[in-house]
Structures are given as structure tokens and as C-alpha cells.
Amino acid sequence: MTRFILTRLLLLALGLTLASLLIFFTLRLLPGDVAQVIAGTDSSPEQLAHIRESLHLDDPLLAQYGSWIGGILHGDFGNSAITGTPVASELVQKAEVTVPLALLSLLIALLIAVPLGVASALRRGKLSGTLLGGGAQALAAVPVVWAGMMLVIIFSLWLGWLPAQGFPRQGWADPGRALTALLLPAITIGLVEGAVLLRFIRSSTIDAIGRDYVRTAAAGGLTRTRALITQGMPAVALSTLSVLGIQVAGLLVGTVLVEQLFTLPGIGRMLVADVGNRDLPKVQSEILILTALVLIIGTLIDITHRALDPRQREAAE
Amino acid sequence: MEKSRIRAVLALGLIASLTLVGCSAPGGGGTSAADSVRVGLVLEPTDLNIRKTSGVALDQVLVDNVYEGLVRRDADGSIVDSLATEHSVSPDGLTYTFKLASGVTFHDGGPLSPSDVLWSLNQARTDETIKDHVLLSKVASITSPDMGTIVITLSEPDSNLLWALGGRVGQILEESSANDLALSANGTGPYTAKAGSWKQGDSLTLTRNDSYWGKKAGVKEVVFQYIPDATAAVNATLGGDLDVQTGVNANLRSQLENSPDFTVTDGLTTDKYTLVFNQERAPLGDPRVREALRVGIDHAALIQAIGGAGVPLGGPIPELDPGYQDLSNRLPFDPERARALLAEAGASDLKLSLSISNHYGTDIPNVLVSQFKNIGVTLEVKRMEFPTWLNDVYKNHNFDLSMVNHAESRDFGNWTNPDYYFGYNNPRVRELFAESVAAIEPEQAAAKLSEAALIVAEDNPADWLYTGTAITAIRNGITGFPTDSTTSRLYLGNLAVTE
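Below is the structure:
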């Protein structure tokens, strides 16, 4: 187990290093530079040269990469080229929108997927089960943006229940308002992600129903549902856990789209604006942190999975 | 099975009834407390540094509201006194004398002294890294003979000086202030923008300056909410999240007009939607080809396609700027003639590309593609991010056609700079422009500009598609919100809530 954890951590470090190289150099392929964005369309060459110099844009790429990574190793994620604010503090500030949004979306996705997934598996072959499965299939194919627009039309413009866009300026000082602002965006992501998850839970539950140990438990006098829940669900939960790891990345992409749609001041919207302004010192740290987040969650899930599932441990030993 | 069917029917019924309720529910409504006005804006500044960062999005919110100059540009393009209580110009046009208002303090409490004015203007004049510093290039000296007077002496007359002083370079900052200009602003205006008032990617909040030296602002705070998406902005307005929406997309205006809570206004702007022809590229160097492209564009149809949010222009100077003349009928739409001109130039079956930043909608490019097709020109649209446009078109001049909204007022000077991406080079135009700048009488300056503008229009280096109309939706009970020039200036000193 210790060896497994060490190997995974080593892989994580390797992955992060590769990611940092990839992020840094691919971003440099983007045409246009931040100095020109700051200086605008009626700037003099002197102004431009001065801005480029003060931002170290003319330094050799390897030197720029070195100073970026060097800073990160000392806990400094650099500053925005435009406002000069530290990237880390802004990420923390924007995270107060994005993290609750992602968690709420995940919660909604699970609330949809788990009961409906299991129910549709139990009703396989019946009309309701088929409807649920088909509905999920259709819903999973719905573009997030379209789903969001429909929800806005129904719940904001028609019913006037929930705000169509924006986040309270006071942030979480008024938790009720903040939560209301996040509800529609979270439902948007939750519906689509939940549909994906539903199909997975449905098929793994169907798989579990067919397993010998569930059938044995049922033969021992338990109802089929009870047998499934006590004997089959741990296996379903384990495999769902690993799917969730993959879905974290999908969830982040979802928040980027939904933050644009609902004008939420989160990490996704910041990232899009920063790429648009070619604020590369900021963008590279933001993407690296997000990549790290996904890789770390993946690693943690791998380790948890290994720890919880005795079969995997034995197979390795 | 039976039970689940009943449930399905019930669920459908619930959705249907929700929908019906929704149809009859009032469209938002919302409350507008007298102490806060929420204004929807389209473009957000990249930061708040009035000295370094370009873009009218920054002028729009900070100039005149937070910072003040000796004079200020009014929405109709005229110049009015601001920190100066009065000003006079010597007959030779070389000496400008301003009487400085007394009892003025900066937002951090420090009093405004003549030395702050001298420092601010001299900094703008001498530091070439400061935005627009060239606008003060004719200033020879700035002095303060007594505590209440500022005298600006020029080396030669400059008819644009007062206008320049009403812009970025004329804003007065506090010499001793050490605030971070990128994140906060310490000015003398009726509103403050202290550190933390800007939530990047979301909003900027201006708070009333209660110790303002002049007439205090009518509302306690103004919240600028940045909503780039046109539909989201209309939804926010109808949903009660905004009191004023600027830059309403013309094709969505009817939604707001149907609401009894809002009044929709059409304002003049200096937004010149300019389709530039790169003359360095064959066959665009041929004047017949450029003229063909211009007469091949049906401007009325184009304006209709964007929901009517524009007025014909025809030349480089918009209605709000000095030197304007109506040139919109000089080259009437004539596809026959366009085809003949192209044939004469040996440029039939022409293929051109249009480089355009993707923050402009697809309406204009689509119309141009079909109108050009009609005269036998294939137009390929290359949509790109703004920094890419800056690099390819603006810096490297690598384009056939490009479309940009040149929103700044009085930017005719760009046609006198051969290195600008327009690539336009006409010594006579430069001469006339210099004469206009050197003119002492405003009428004379405008006449020279008019003459120069006509020459530019006749050379067809571009087509001036239209001047934009600023569509603003204002909630009933809100007064004093400007409706002209809203894309570059939003003076809110007169804003009030009456209900």
C-alpha cells in the first residue's frame, strides 16, 4: 500500500511538471500580447516598449518559465500583468463562487442520479424504467448553455422566482441570497451531469443485481431491493466514486460555461477574461492550479479506491 | 405499472400548471431603492489605471465621475467647466487661464492645491508612457500665478486643447497619493471608487462622495454590472436586477419596450463602424476597386439588419464631432456600377477576407458577405480574439478588410498617421488637419476638418458603415441618466431617483 501511494505521488509530481511545461509553452503560441492590450489602438511604440519591458515580456522564454516555476516552489503564483494583483489571492476570491457552485452542482447531480439510477435499474423492462433511462439519455445530450437558457426563461422571466444572472456583491454575507444566485446555474450543470451519472449508476446497479452475492442474499430471504442495497450498493458506490473523479474535470468545464451564461464572477469567467486579455502570467498559474486540483483529486480517489476495495489490494500483492 | 403511469401524468400536469402560472406572472418588477442605482454595461475595463490602460470602458466610468479635470466633455460633445469655475483663452490662442474652484478635496481627504494640478498635467505632458500624452505636446508651460489660477501656455495654437483636457490627460490626481491606480481611484469627483469597489469580472461600485465640493450626487451608490452577453443583459433588466441597461442590442429592444417599467431611448454616439480597405494589398490599391466595394454596400439594409441601431455616416467625422457634414449620399448604393468598376479594374471574381474581432456580432459580417456576393466579390470572414486582431491587423497590417468600431470622439487624426493600420497617406489631409489644430476660432478649425474629411471620403480608404445608436433602457423614476455618447462617457452627477 505504501509503495502504491508513493508511486501515485511520484506520478502526480511528474504529471504536474509536464502539465506546467505544456501550459506555459502552448500559451506562448497564442497570437497577440498583453502589452498591446494595455496600450490599445492609439499607442506609441515607446509606450509599448515600456510596457513590454516592465512586464519582462522580452526575456527569453526559458527564463520566464524558470522564474514562474521558481516562484511557485516558494508559494508565489505570480501577479496579474494588468492589475498587478497576486494570482493566488484572486483565485481564492473567485473560488467562493466556483467551489460552492461545483459542490452544489455535484450534490444536485447525485440527488438526481442515485435514486433515479437505482430505481430505473430496478424497473428495468417496465415502462417507467425505460422512460427514465431514455430521459437520462436525452438529457445527457442537452448542451449546458441551452439547458441554462430554458431554466432562465422558466424560473426567472416567467415565474420570477430566481435571479437570471449575477452574484450578490456582498458575497456570502447573506448566504440565502448567495445560494439563490447559485441555484439555477447549479441546477443547469446538475441536470446534465446528473443525467450522465444516472446512466452509469443504472448500468452498474443492473450489473450488481445480476451478481451471485446479491442473488444469494435474496435467496436468503431479503427482498430484491433490500438485497441490492445491503449487498450490491458498496460495489456500485466504489465504481461511482472513480467515475466522480473523472467528472470533476467535466464539472469544471461546466462551471466555465455556466459562469459566462449567468455572469457569475467565478474562476471560469476570470479565466476566459484573462485569456482574452492575454494576461498569460495569470492564466498559466490559474490553469496549473486547476490541473493540479483535478490530478490531486484523481490521485486521492485512486488511493481511497485501493484502500476500500480489498480485491484490488490483493491483486496487487 | 399503473401507479407509475399516474405519477407520470401528475408530473406532466405539474409542469403544465407551472408554465401557465408563469405566463400570467408579472415580468419581474423588482425594487429600486432610492439609494442605489444598478447600471448594466457591456465592456469591462481591464484595470482602473487612468494613466496607462487604454479603452473607452475605463473613461466611461471614471472620467468626470471619480476623476475630474479643469473642464469636462459633455455628452453632446461640448466643453463645460469642471474643476475650473471659468476659463478664458487669449486672442492669439496661446494662453489658457483657468480659475480653480475652492474648497475642493480629494477622496482621501487631502485638499486640492494648484500644485496637484501642475503635477498631474506636467506628468501627463512629459511622461511618454502615459496614455494620450501626445495630446498635450503643444503645451509649453503650466504655471499657477496665485492659489486660484492655472495658466497653460502653448508653443503654438491647439484648437483641441480644451477637449484634450476634458479627457484622460486632463484628469487631476493627488500628488501625494500612494494608492494603487490599477485597483482604486483617488480623485475629486462626485463619486468615489475606493480599493475593493471593483470586483473584477462582475461589477464596479461608485459611492457618493459626501464631502463633494459641488452639487452632491443624487444617489448614494451606482453599481455598474458588467454583462457582455446581450440576452443575459435583457434578462437581468426584465428580471429586476438592473435599473438602467446601456448598449441594448437593437434586435432585443422590443422586449424592453414591451415592459411598462422601462423607457427605451436612442442616443447619438461617436461610434464609427469603419470597414478599412488595406491599400497595400492588391487589388485594393486600385481606387476603382475601393469605390466598387463602397457602392456595393447597401447601408440601409445593413442598418436594418442590426435592428436599426445606426445612422448612415459616409465619412470619417460623426455628427457629434466638429467638422461633421452629411456625406452619406455621396456614393449611393449601386451594384451595377460596382460590378462595372470591378470589371474595369480587372478584378472580377475577387476574393477578399474580412478580419474582425469576435466581440462584434455576426450580423454585420453576414450582411457584408451577401452584399459583396451580389457584386461578385467572395468575402471570407476571419473572426479572431481581440489580441489576435491587435497583432495581425493593427500591428502587422496583415489583412484585406477589417471592421472596427472606432468609438473615440475626435479621432480624425488617425487618418493623418500613415503608420496607423488604416495605412492612409495624403499630405493634403495632413496639412489641413494641422491647420485645423492651429486655428484659433472653433468655426475655422471645424471648416478645415470638414475639408480634410471630404478628401478622405473621396479617396475611399474605407467605408463608414454607420454611426452607432446608443440604446438605453431606463427604469421609470430614474432621471439624469445620459443617453448620448454613453459608450465613452457616463457623467452621473445629475442622476436621481424620483420614485
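For the protein sequence lines, the chains are A and B, in the order given.
The first sequence begins at 1 in the working numbering and counts up one residue at a time.
The second sequence begins at 1001 in the working numbering and counts up one residue at a time.
Beta carbons: idealized from backbone N, C-alpha and C, even for Gly.
Which residue's Cα is closest to the Cα of B:Glu1319: B:Thr1207, B:Asn1209, B:Glu1408 and B:Trp1213? For this step, residue 1319 of chain B is matched to residue 319 along the second sequence. Per the C-alpha coordinates, the member of B:Thr1207, B:Asn1209, B:Glu1408 and B:Trp1213 positioned closest to B:Glu1319 is B:Glu1408.
Proximity below 8 Å, CB of B:Pro1322 to CB of B:Leu1432: Counted from its first residue, the second sequence places residue 1322 of chain B at position 322. Counted from its first residue, the second sequence places residue 1432 of chain B at position 432. Against a cut-off of 8 Å, the Cβ pair of B:Leu1432 and B:Pro1322 comes out as no contact.
Flag this pair as yes or no: are the beta carbons of B:Asp1501 and A:Pro265 separated by less than 8 Å? Any question about residue 1501 of chain B goes unanswered here, given that chain B covers just 1001 to 1499.
Pairwise C-alpha distance: B:Val1497 and B:Asn1414: Counting from 1 along the second sequence, the entry for residue 1414 of chain B is found at position 414. Counting from 1 along the second sequence, the entry for residue 1497 of chain B is found at position 497. Our two residues, B:Asn1414 and B:Val1497, have alpha carbons roughly 41 Å apart in a direct line.
Quick check on this structure: which residue in B:Asp1411, B:Thr1149, B:Leu1252 and B:Val1139 has the alpha carbon closest to the alpha carbon of B:Ile1306? By one-based count along the second sequence, residue 1306 of chain B stands at place 306. If we check each option's Cα against that of B:Ile1306, B:Leu1252 comes out closest.
Report the residue from B:Thr1265, B:Val1264, B:Thr1263 and B:Ser1328 whose alpha carbon sits nearest the alpha carbon of B:Arg1294. Within the second sequence, numbered from 1, the residue matching residue 1294 of chain B stands at position 294. When only C-alpha atoms are compared, the closest one is B:Ser1328.
Determine, using beta carbons only, whether B:Ala1033 comes closer than 8 Å to chain A. Counting from 1 along the second sequence, the entry for residue 1033 of chain B is found at position 33. Residue placement at B:Ala1033 cannot be trusted, given a pLDDT of 47 that sits under 50; what the coordinates show is reported in the next sentence. At a cut-off of 8 Å between beta-carbon atoms, B:Ala1033 makes no contact with chain A.
Helix, strand or coil for B:Lys1272? Go by DSSP, reduced to three states. For this step, residue 1272 of chain B is matched to residue 272 along the second sequence. Three-state DSSP puts B:Lys1272 in a strand.
Helix, strand or coil at B:Arg1253 [DSSP, three-state]: Along the second sequence, one-based indexing puts residue 1253 of chain B at 253. In the three-state DSSP reduction, B:Arg1253 falls in the helix class (H, G or I).
Beta-carbon within less than 6 Å of B:Leu1350's beta-carbon, same chain only, minus the 5 sequence neighbours each way: which residues are those? If you number the second sequence from 1, residue 1350 of chain B lands on position 350. These residues qualify, in order along the chain: Val1377.
Below 9 Å between beta carbons is the criterion; list the residues of the stretch 62-85 of chain A that meet it against any residue of chain B, in chain order. Near chain B, meaning a CB-to-CB distance below 9 Å, the residues of the stretch 62-85 of chain A are Ser80, Ile82, Thr83, Gly84 and Thr85.
Contact between the stretch 253-262 of chain A and the stretch 52-65 of chain A: three or more CB pairs below 8 Å? Output reads no: the stretch 52-65 of chain A does not touch the stretch 253-262 of chain A.
Among the candidates B:Val1071, B:Tyr1424 and B:Pro1287, whose CA atom is the shortest distance from the CA of B:His1397? Here the question's residue 1397 of chain B lines up with position 397 in the second sequence. Comparing Cα-Cα distances from B:His1397 to each of B:Val1071, B:Tyr1424 and B:Pro1287, the minimum goes to B:Tyr1424.
Counting only the same chain and skipping the five closest in sequence on each side, list residues whose C-beta sits under 6 Å from that of A:Asp279. The residue given as residue 279 of chain A occupies position 279 in the first sequence. Leaving aside the five residues that flank A:Asp279 on each side, the residues in its chain whose CB is nearer than 6 Å to its CB run, in chain order, Val34, Ser80, Ala81 and Ile82.
At the 8 Å Cβ level, is B:Pro1114 part of the contact set with chain A, yes or no? For the purposes of this step, residue 1114 of chain B is taken as the residue at position 114 of the second sequence. Judged by the 8 Å Cβ criterion, B:Pro1114 is not in contact with chain A.
With a floor of 4 residues, list each alpha helix (DSSP H) that falls wholly inside the stretch 1114-1171 of chain B, ordered by position along the chain. Those alpha helix (DSSP H) runs which fall completely within the stretch 1114-1171 of chain B and span 4+ residues are 1114-1126 and 1161-1165.
Residue range of the unbroken alpha helix (DSSP H) whose run includes B:Asp1108: Start at 1 with the first residue of the second sequence, and residue 1108 of chain B comes out as number 108. Where B:Asp1108 is concerned, there is no enclosing alpha helix (DSSP H), because DSSP gives it neither an H nor an E.
Counting only beta-carbon separations shorter than 8 Å, does B:Thr1498 have a partner in chain A? Taking the first residue of the second sequence as 1, we reach residue 1498 of chain B at position 498. Answer no: the Cβ-Cβ gap between B:Thr1498 and chain A never drops below 8 Å.
Using a cut-off of 9 Å between C-beta atoms, extract the partners of B:Tyr1394 located in chain A. Locating residue 1394 of chain B in the second sequence gives position 394, where the first residue counts as 1. Result: Gln36 and Thr41.
Beta carbons nearer than 9 Å to chain A: which residues of the stretch 1128-1139 of chain B have them? Answer set for the stretch 1128-1139 of chain B: Glu1128, Thr1129, Ile1130, Lys1131, Asp1132, His1133 and Val1134.
Classification of B:Gly1493 by the beta-carbon crowding that lies within 10 angstroms, buried from 16 upward: In the second sequence, residue 1493 of chain B corresponds to position 493, counting from 1. Counting of Cβ neighbours within 10 angstroms places B:Gly1493 among the buried residues, the total reaching 16 or more.
Using a beta-carbon distance below 8 Å, is A:Pro234 in contact with chain B? Position 234 of the first sequence, counted from the start, is the residue given in the question as residue 234 of chain A. No, no contact with chain B.
Select from B:Ala1434, B:Arg1330, B:Trp1119 and B:Asp1298 the residue whose C-alpha is nearest the C-alpha of B:Glu1156. Numbered from 1 along the second sequence, position 156 holds the residue referred to as residue 1156 of chain B. Closest by alpha carbon: B:Ala1434.
Would you call the CB atoms of B:Val1139 and B:Ile1130 closer than 8 Å? Locating residue 1139 of chain B in the second sequence gives position 139, counting from the first residue. Locating residue 1130 of chain B in the second sequence gives position 130, counting from the first residue. The beta carbons of B:Val1139 and B:Ile1130 sit no closer together than 8 Å.
Are there 16 or more other CB atoms within 10 angstroms of the CB of B:Thr1469, so buried, or fewer, so exposed? Residue 1469 of chain B sits at position 469 when you count from the first residue of the second sequence. Buried, by the Cβ-count rule.
Partners in chain E for A:Pro60, counting only beta-carbon separations shorter than 8 Å: The structure shown contains no chain E; the protein chains it does contain are A and B.
Sequence-distant residues of its chain with Cβ nearer than 7 Å to B:Asp1463 (five each side left out): As a position in the second sequence, residue 1463 of chain B is number 463, starting the count at 1. Taken in chain order, the residues that qualify are Leu1275, Leu1293, Arg1294 and Ile1297.
If you reduce the DSSP assignment to three classes, tell me which class B:Pro1063 lands in. As a position in the second sequence, residue 1063 of chain B is number 63, starting the count at 1. Note on identity: in this sequence residue 1063 of chain B is Val, with Pro being the wrong assignment. Note: B:Val1063 maps to strand in three-state DSSP.
Residues that B:Ile1227 contacts on chain A, provided the C-beta gap is smaller than 9 Å: Within the second sequence, numbered from 1, the residue matching residue 1227 of chain B stands at position 227. One finds Gln165, Gly166 and Thr263 in chain A with Cβ atoms closer than 9 Å to the Cβ of B:Ile1227, taken in chain order.
Per-residue contacts from A:Asp302 into chain B (C-beta, under 9 Å): For this step, residue 302 of chain A is matched to residue 302 along the first sequence. By Cβ distance, chain B contributes nothing, its closest Cβ being about 34 Å from A:Asp302, past 9 Å.
Compare the Cα-Cα distances from A:Thr240 to each of A:Ile23, A:Leu110 and A:Ala273 and report the closest residue. Here residue 240 of chain A refers to the residue found at position 240 when the first sequence is read from its first residue. Comparing Cα positions, the closest option is A:Leu110.
Quick check on the DSSP output: the alpha helix (DSSP H) that includes A:Ala141 runs from which residue to which? One-based indexing of the first sequence puts residue 141 of chain A at position 141. Run containing A:Ala141: none; DSSP gives neither H nor E here.
Along chain A, which residues have their Cβ under 8 Å away from the Cβ of B:Val1223? Sequence index remark: in the second sequence, residue 1223 of chain B carries index 223 (1-based). For B:Val1223, the neighbours in chain A by C-beta distance under 8 Å run, in chain order, Arg169.
Give the interface partners of B:Leu1275 over in chain A, defined as CB-CB distance under 8 Å, in chain order. Numbered from its first residue, the second sequence carries residue 1275 of chain B at position 275. Chain-order list of chain A residues neighbouring B:Leu1275: empty, with the shortest C-beta distance near 16 Å, by a criterion of under 8 Å.
State whether the stretch 1234-1247 of chain B contacts the stretch 1435-1443 of chain B, with contact taken as three or more CB pairs (one from each stretch) at a distance under 8 Å. Contact annotation: the stretch 1234-1247 of chain B does not touch the stretch 1435-1443 of chain B, with fewer than three C-beta pairs closer than 8 Å.
List the residues of chain A that B:Lys1272 touches, going by C-beta distances under 9 Å, in chain order. For the purposes of this step, residue 1272 of chain B is taken as residue 272 along the second sequence, with counting starting at 1. None at all; the shortest Cβ gap to chain A is about 13 Å.
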